[in-house]
Amino acid sequence: MIDLRSDTVTKPTDAMREAMAAAPVGDDVWGDDPTVNRLEDLAADITGMAASLFVPSGTMSNLLAIMSHCQRGEEYIVGQDAHTYKYEGGGAAVLGSVQPQPLEVEKDGTIPLAKIRAAIKPDDFHFAITKLLCLENTIGGKVLPMDYIHEAGALAKEHHLKFHLDGARVFNAAVKLGCDVQDITRQFDSVSVCLSKGLGAPVGSVLCGDREFIKTARRWRKMLGGGMRQAGIIAAGGIYALEHNIDRLAEDHVNARRLAEGLAAIDALDVDMAGVQTNMVFFRPKDGRHQDLADYLAGKDMLVDAAKAIRLVTHMQVTADDIDAFIGAVNAYYS
Ligand SMILES: *Cc1c(COP(=O)(O)O)cnc(C)c1O
């Protein structure tokens with residue numbers, strides 16, 4: 440089976456499972472789980488933030504960030520296609536009474552600063568109070584330019600907005616740029632990082648920020664049902680992921696490039712080469728028969744996400760040989 444639907448499909452390796460089995464645990468709601476505490480210290484350390492909180496999912500992590508930065512009747516500015524707006528069930532509005540202000544995202548993943556500036560509401564009781572700016576990096580596999588992050592951060596500061604990063608794949612961005620992840624994360628007031636995607640842990644995300652912010656997020660986490668007991672078992676997978684699986688993301692990026700180049704050589708396909716920056720490849724069959732191709736590949740035990748364009752995501756359980764086999768199968772379909 441070659442599963443290119445997402446990097447969320449990664450399964451824990453034997454070494455990771457051993458670390459999980461051996462993890463000392465306690466009741467984390469009481470603050471007693473030494474492994475969860477170690478993960479939270481490690482994540483804060485790596486991201487250069489004062490504290491962090493282990494949570495069951497990236498969705499909860501982003502929701503906690505929005506609810507901790509914003510009160511009822513306030514709003515956050517967010518990309519129209521961003522996960523924190525489009526793919527989290529409207530949680531900020533439903534559960535937080537926080538209004539999203541979505542804005543169109545450019546092809547490179549940025550929200551134009553002029554549009555952000557224009558969307559910040561003046562102090563007038565007709566309007567929700569603009570409180571937070573959310574970015575996402577990587578976004579659709581693309582890395583936000585560092586200059587853009589600095590400029591967006593300055594704009595947020597100028598308008599007294601908090602600045603949150605949905606950094607589900609922020610390590611992919613750092614590996615691609617060849618920088619320390621802190622060069623990215625420290626620009627923000629808070630950062631959410633997924634452990635369960637390319638980093639290969641089975642469950643969990645970490646939300647990072649200052650101590651006061653994490654204390655507030657911890658309260659909301661309990662209210663939302665995210666207080667977990669002997670969570671050290673899964674936190675150990677997260678520690679293993681942070682200690683062993685960051686640098687190897689570069690292999691996923693090499694494989695994605697190999698995949699994109701192999702597909703670009705097939706006349707029947709339009710491959711978005713400019714978008715191939717980290718571990719994702721997007722392409723469209725010129726005949727528009729996405730699902731037919733996806734079904735053919737599924738018959739060969741090769742899985743893709745064919746929702747709009749076809750999305751392929753490389754990860755630790757996809758090898759260079761798998762990539763070649765996949766390209767071979769697509770070639771065979773068209774010949
Ligand atoms: C996957 C993802 C999330 C949410 O993570 P879950 O653990 O699936 O809830 C948030 N943001 C981005 C950009 C993601 O890719």
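In the working numbering, the protein residues as written are 440 to 774. Glycine is no exception: its CB is placed at the ideal position from the N, C-alpha and C atoms. Treat the numbers as computed from the prediction; the structure is a model and nothing was measured.
query: 8 Å Cβ cutoff, proline 473 in contact with chain D; result: Among the chains of the structure shown, chain D does not appear; only one protein chain is present.
query: Identity of the residues DSSP links to glutamine 540 by a beta bridge; result: Ile516
query: Phenylalanine 657 burial status per 10 Å Cβ neighbour count (16 or more: buried); result: The question names phenylalanine, yet the displayed sequence has arginine at residue 657. Buried, since its Cβ has 16 or more Cβ neighbours within 10 Å.
query: Alanine 522 beta carbon near ligand 1 (any heavy atom closer than 7 Å); result: Contrary to the premise, residue 522 reads as histidine rather than alanine in this sequence. Yes.
query: Member of Glu513, Asp740, Asp686 and Ala704 whose CA lies at the smallest distance from the CA of leucine 616; result: Asp686
query: Three-state secondary structure assigned by DSSP to threonine 569; result: strand
query: Cut-off 6 Å between Cβ atoms - residues of its own chain near valine 720, not counting five sequence neighbours on either side; result: Ala695, Leu698, Ala699 and Leu751
query: CB of glutamate 479 within 8 Å of CB of lysine 570, strictly; result: no
query: Proximity winner among Ile555, Arg556 and Leu681, relative to arginine 608 (alpha-carbon distances); result: Leu681
query: Option in Asp691, Ala768, Ala674 and His729 with minimal Cα separation from serine 491; result: Ala674
query: Span of the beta strand (DSSP E), counted from its first residue to its last, around glycine 723; result: Note that residue 723 is arginine in the sequence shown here, rather than glycine. 719-724 is the span of the beta strand (DSSP E), which, as asked, contains arginine 723.
query: Three-state secondary structure (DSSP) of phenylalanine 602; result: strand
query: Valine 715, DSSP secondary structure in three states; result: coil
query: Same chain, Cβ closer than 6 Å to valine 642, five either side skipped, listed in chain order; result: Ser635 and Ile673
query: Under 8 Å between C-beta atoms of glycine 637 and proline 495; result: no
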